[in-house]
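>
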Amino acid sequence: MQWNSGNRRITVLLLLLFLHTPSHAQVVFSANAESWYQRYSHYPPQCSTTAQMQNRTIPPLTTVGHGESRLQHVTVILRHGARTPVHNQTCGVPLEPWTCPPSTYLAADRATDDEWLTFPQIYDALQFPQYNLSNILPGTCQIGQLLEQGMQQQLTNGLHLRRAYIHSDDEDGPSHKNLHLPLGGSLDKAVYFRSDDEQRTLQSGQLLLQAMLGKELEQSGGLTIHTADYTRDIVGDHEALCPRLAEFRERFYRTRDFRIFNESDDAKELRQFQQEVLGSTGDISDCLLTTICSDRELHPKINDYDGDQNSETSMFSRLLRFYVQQRTMLATFDFAEYSKLVSGPLRAEIMKNIQTFVESGGETYVPPFALFSGHDSTIMAILASMDMFDEQWPTYASMLIIEIHEINLDGRKDPALYTSDFGFRMIYDGKVITDQMKGCPSGQEICDSTKLLEAMYYDVKTRNCERLYAIPVEFTPAVTQATAILVSSRSAFGGFLLLVFFGMTLGGLFTYLYFAHWVPLNLQRKMGAPGRAEMDGIMVEEPVCYGGDADDGKRRSGHTALPTDDSENFTIDDEDDDFVITNTQLT
Ligand SMILES: *[C@@H]1O[C@H](CO)[C@@H](O)[C@H](O)[C@H]1NC(C)=O
Ligand SMILES: *[C@@H]1O[C@H](CO)[C@@H](O)[C@H](O)[C@H]1NC(C)=O
Ligand SMILES: *[C@@H]1O[C@H](CO)[C@@H](O)[C@H](O)[C@H]1NC(C)=O
Ligand SMILES: *[C@@H]1O[C@H](CO)[C@@H](O)[C@H](O)[C@H]1NC(C)=O
């Protein structure tokens, strides 16, 4: 087996699945599948019901005729499937226990034997909830564990890929012309599988690959999973590792747009409803979705989803939208600066293969198939960084596919459309979105690869995670006291006015100089260049908490690191004293 060739002392995590070789149109994984998605009349798209998953087949090439292009490489960026909640959070009714059959198996390398013993892993220890000794979720599931629904979703994804790129049901080759993926040789070489080190992403990727590669994978004996320490990894959000990301979030929360949104009557009404009726505060989108998508009971006052995500009357829709919008707004805020930085290192990993291949004119071998198994935030950040995000929260088992096609077969490419010999097609949840990329003509199915390289490219050398803005740690008490004395003493009131006048004049002069470009460039950058005008100003920051989540005990607080040289140039605004930044958790 492939696994044996590695370091023998490594304990290998094997997640096995008993799966029949896909030969029918639909692999039925679970006997329970019939009973899923029955309780409610409608499910939000985020659930990815069986019917919704069936719809996400890979479209055939339509505008490019047979013989004009040849598929050379496919990269899939995946979101894990349906899962248990990531918090012990309720949305109005007590949490029913979550029960999971053992679906994760561990195997250790015995060094001498080809036979592996696998050990099912189950989260049923620690059962003294009355003494506060329990797992996070009641029942036998890990937080964020892939559910049977999620497994089925990934099998369906795998079959879609198989049919498009490898074998259709009734033919020897793929169902679509020009989409045959040249896997050849050893699968462990031909397939690059990258995941972060979480049960749901690892297992999602394994299931997809098993369904996609079927017998060929069984014969080859498995694939290597490329991963990294979870706390250092960059597949999803990694705000705690990169202070500038936390700073972008803080800045976003202080924009006019966000404040208007967060202080609107609608927002007030929703917060009040949530507190009074559902008995909770804070982001409950995770609870809403894990409840409805797994047919659990919704509180009667929010059991009103009618299929319209934009409904003004459904409390379910309104609450979900309220919290989802806070994330999507951050993703696109200020030319998607948050998304560009957060997705940068992963884009660099993804593009390494593609760029090497394209720039060598197809001469350098790279794995023809690459899978990056991650989260909603992974897909959202990549799309937003390319200005292609539709502001819809990525659904369970979402797939963003990048196909690389050789287009200059026999010198037949259209030089007006293609400057290079390679093109790309991009597909998101079964829809071709190539022409949404900057520089790709409307309706174009395969666009020049140079556009992809420009949009996805990221140079890790340029990654800078330091805070951009210097933020003073504390008020200077002397100034505050002096002002207080001036204001409280009548005789000094005139002096106070004078001070205000003096301040305004100085401010005006400074503004003039700023717009007249008399201020040194470095200072302009720290002040926020024009174009970032939606910022309310840079404010004095009390100690903030960020980069963690209250639930997992990772919250940390502290002063922001800062140079103090030009601190007097910052607006003082102390209305946000107990401003708390909470990191969104990977979902
Ligand atoms: C599947 O796609 C078709 C055509 O786009 C659409 O009419 C139908 O509603 C979709 N079904 C589901 C379950 O999403
Ligand atoms: C239960 O334990 C958690 C941490 O394990 C702690 O945060 C919480 O305060 C405890 N609750 C009670 C009632 O002791
Ligand atoms: C989970 O939430 C319930 C209800 O809010 C609470 O009673 C229980 O102690 C919580 N469990 C943990 C592990 O925090
Ligand atoms: C939104 O407004 C609520 C209520 O004023 C406040 O508690 C919350 O911190 C605000 N959210 C952010 C991110 O500022």
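Numbering (mature numbering (1 follows the signal peptide of the UniProt record, and there is no 0)), first residue to last: -25 to -1, 1 to 562.
All C-beta atoms in this analysis are idealised placements derived from N, C-alpha and C, irrespective of residue type, glycine included.
Distance check for Phe227 and Phe94, CA to CA, integer angstroms please.
Roughly 46 Å separates the two Cα atoms.
> Using the beta carbon as the reference atom, which residues fall closer than 6 Å to any heavy atom of ligand 3, ordered along the chain?
Qualifying residues, in the order they occur: Asn63, Thr65, Ser109 and Ile111.
> If we ignore side chains and look at the alpha-carbon of each, how far apart do Gln154 and Ile421 end up?
The sequence shown places Leu at residue 154, not Gln. Between Leu154 and Ile421, the C-alpha separation is close to 12 Å.
> Shortest alpha-carbon distance to Pro77 belongs to which of Ser335, Tyr106, Gln120 and Ala356?
The residue with the shortest Cα to Cα distance from Pro77 is Gln120.
> Suppose the cutoff is 7 Å on Cβ atoms and the five residues either side in sequence are ignored; what does the same chain contact list for Arg137 look like?
Result list for Arg137: Pro(-4), Ala186, Met187 and Gly189, in chain order.
> So, is Lys426 buried or exposed, given that buried needs 16 or more other C-beta atoms within 10 angstroms?
Lys426 should be labelled buried.
> Ligand 2 and Asn30: does any heavy atom of the ligand fall closer than 8 Å to the residue's C-beta?
No, the beta carbon of Asn30 sits no closer than 8 Å to any heavy atom of ligand 2.
> Just grab the DSSP bridge partners of Val49 for me.
DSSP lists Phe344 and Glu378 as partners of Val49.
> My guess is that Arg169 and Arg58 are in contact by the Cβ rule of under 8 Å, so how many angstroms apart are they, rounded?
No, Arg169 and Arg58 are not in contact; Cβ-Cβ is about 19 Å, not under 8 Å.
> Please find out if some non-hydrogen atom of ligand 2 comes closer than 8 Å to the beta-carbon of Asn107.
For ligand 2, at least one heavy atom lies less than 8 Å from the Cβ of Asn107.
> Are there any heavy atoms of ligand 4 lying less than 8 Å away from the beta-carbon of Phe228, as far as the coordinates show?
The amino acid at residue 228 is misidentified as Phe; the sequence shows Tyr. Yes, the beta carbon of Tyr228 sits closer than 8 Å to at least one heavy atom of ligand 4.
> Look up Arg219 in the DSSP assignment and say whether it is helix, strand or coil.
Three-state result, Arg219: helix.
> If we call anything under 9 Å between Cβ atoms a contact, is His17 one with Gly414?
The answer is no: Cβ separation not under 9 Å.
> Would you mind sorting Gly180 into buried or exposed? The rule is 16 or more other CB atoms within 10 Å of its CB.
Counting Cβ neighbours within 10 Å, Gly180 comes out buried, since at least 16 surround it.
> Got a sec: does ligand 4 put a non-hydrogen atom nearer than 8 Å to the Cβ of Glu238?
Answer for Glu238: yes, Cβ within range of ligand 4.
> I need the straight-line Cα distance from Pro19 to Glu214, nearest angstrom please.
Taking the straight line from one Cα to the other gives about 28 Å.
> If we count the other Cβ atoms within 10 Å of its Cβ and call it buried at 16 or more, is Ile402 buried or exposed?
Classification for Ile402: buried.
> Determine the direct distance from the alpha carbon of Leu122 to that of Tyr80, and round the result to whole angstroms.
Between Tyr80 and Leu122, the C-alpha separation is close to 15 Å.
> How would you write the range of the alpha helix (DSSP H) that Gln247 sits in, first residue to last?
First-last of the alpha helix (DSSP H) with Gln247: Asp240 to Phe248.
> Check for me: the beta strand (DSSP E) holding Tyr403 runs from which residue to which?
Segment Phe397 to Tyr403, the beta strand (DSSP E) holding Tyr403.
> Whose CA, out of Tyr371, Ser360 and Glu338, lies closest to the CA of His350?
It is Tyr371 whose Cα lies nearest to the Cα of His350.
> Assign Ser292 to one of two classes, buried (16 or more other C-beta atoms within 10 Å of its C-beta) or exposed (fewer than that).
Buried: at least 16 other Cβ atoms inside 10 Å.
> Tell whether a beta-carbon distance below 9 Å holds between Glu71 and Glu272.
Yes, these two residues count as a Cβ contact at 9 Å.
> Hey, how far is the Cα of Thr74 from the Cα of His55?
Cα-Cα distance, rounded: 19 Å.
> Just curious, the beta strand (DSSP E) that Thr79 is in, first and last residue?
From DSSP, the beta strand (DSSP E) with Thr79 extends over Thr79 to Ala83.
> What three-state label does DSSP hand His17 in the structure shown?
Three-state DSSP puts His17 in coil, outside helix and strand.
> Along the alpha helix (DSSP H) that carries Pro320, what are the first and last residues, could you check?
Residues Met290 to Glu334.
> Quick one: grab the DSSP three-state call for Lys152.
Correct three-state label for Lys152: coil.
> What does a CB cutoff of less than 7 Å around Arg45 pick up in its chain, not counting 5 residues either side in sequence?
Closer than 7 Å at the Cβ level, and outside the excluded window around Arg45, lie Asn153, His380, Glu381 and Leu384.
> Please confirm whether any heavy atom of ligand 4 lies closer than 8 Å to the CB of Phe364.
No.
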